[in-house]
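S.K.: This is the structure I have questions about; it appears just below.
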Amino acid sequence: MKELFYKRIRQFFVATLGLVTLVFFACLPLYPYFRLPLHINLVLGSMFITLILSVLSIILALILRKRLFPIHTQKEPYWNQKAIRRYFWLYSLVSLPFSFSFIVYIIFAPLSVLVLGYFLSVFGLILLRPKKEDLV
Numbered sequence: 001m002k003e004l005f006y007k008r009i010r011q012f013f014v015a016t017l018g019l020v021t022l023v024f025f026a027c028l029p030l031y032p033y034f035r036l037p038l039h040i041n042l043v044l045g046s047m048f049i050t051l052i053l054s055v056l057s058i059i060l061a062l063i064l065r066k067r068l069f070p071i072h073t074q075k076e077p078y079w080n081q082k083a084i085r086r087y088f089w090l091y092s093l094v095s096l097p098f099s100f101s102f103i104v105y106i107i108f109a110p111l112s113v114l115v116l117g118y119f120l121s122v123f124g125l126i127l128l129r130p131k132k133e134d135l136v
């Protein structure tokens with residue numbers, strides 16, 4: 001049962017990573033149409049906020065992962081739903097920098113902020129990839 005769950009949670013990880021990547025690559029062809037002349041302070045400020053948000057969300061997600069995992073499969077009757085829910089919220093937390101940079105990209109269209117948010121979110125997702133030690 002644990003092996004099947006581990007296979008499914010890996011698929012969930014790949015789907016989350018694929019969603020972030022799909023949205024990023026869908027935004028790239030739109031850049032020439034929405035490009036605006038922006039002040040450098042706006043771009044640097046947005047990049048700084050994305051970087052700070054990324055550092056805070058990754059640190060918080062790693063702390064939460066240490067507290068929420070491992071899940072004891074013998075003690076918990078609904079351990080698989082609990083594990084999926086915890087992974088979902090951790091992945092959502094780590095994807096916050098990309099969400100912020102996506103909103104900034106829609107409003108102002110700085111491609112550098114979108115790229116930074118994408119790479120920081122992918123880095124956070126890779127740090128939180130599922131491990132076999134998460135289930136005991």
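For the sequence shown, the positions run 1 to 136 when our numbering is used. Glycine included, every Cβ here is placed at the ideal spot set by N, Cα and C.
Within its chain, find whatever has a CB closer than 8 Å to the CB of Phe100; leave out the 5 residues flanking it on each side and keep chain order.
M.R.: Start at 1 with the first residue of the sequence shown, and residue 100 comes out as number 100. Answer for Phe100: Ile49, Thr50, Leu53, Gly117, listed in chain order.
S.K.: Can you give me the Cβ contacts of Arg65 inside the same chain, cut-off strictly under 7 Å, excluding the 5 residues immediately before and after it?
M.R.: Walking along the sequence shown from the start, residue 65 turns up at place 65. Excluding sequence neighbours, Arg65 sits near Leu90, Leu128.
S.K.: Quick check on Ser121: buried or exposed, where buried means 16 or more other Cβ atoms within 10 Å of its Cβ?
M.R.: The residue given as residue 121 occupies position 121 in the sequence shown. Buried is the call here.
S.K.: Hey, would you say Phe34 sits closer than 7 Å to Ala109, going by beta carbons?
M.R.: Residue 34 sits at position 34 when you count from the first residue of the sequence shown. Residue 109 sits at position 109 when you count from the first residue of the sequence shown. Their beta carbons are under 7 Å apart, which means Phe34 touches Ala109 by this criterion.
S.K.: Among the residues of its own chain, which have a CB less than 7 Å from the CB of Leu96, if the five just before and after it don't count?
M.R.: Against the sequence shown, residue 96 aligns to sequence position 96. Same-chain partners within the cutoff: Leu53, Ser57.
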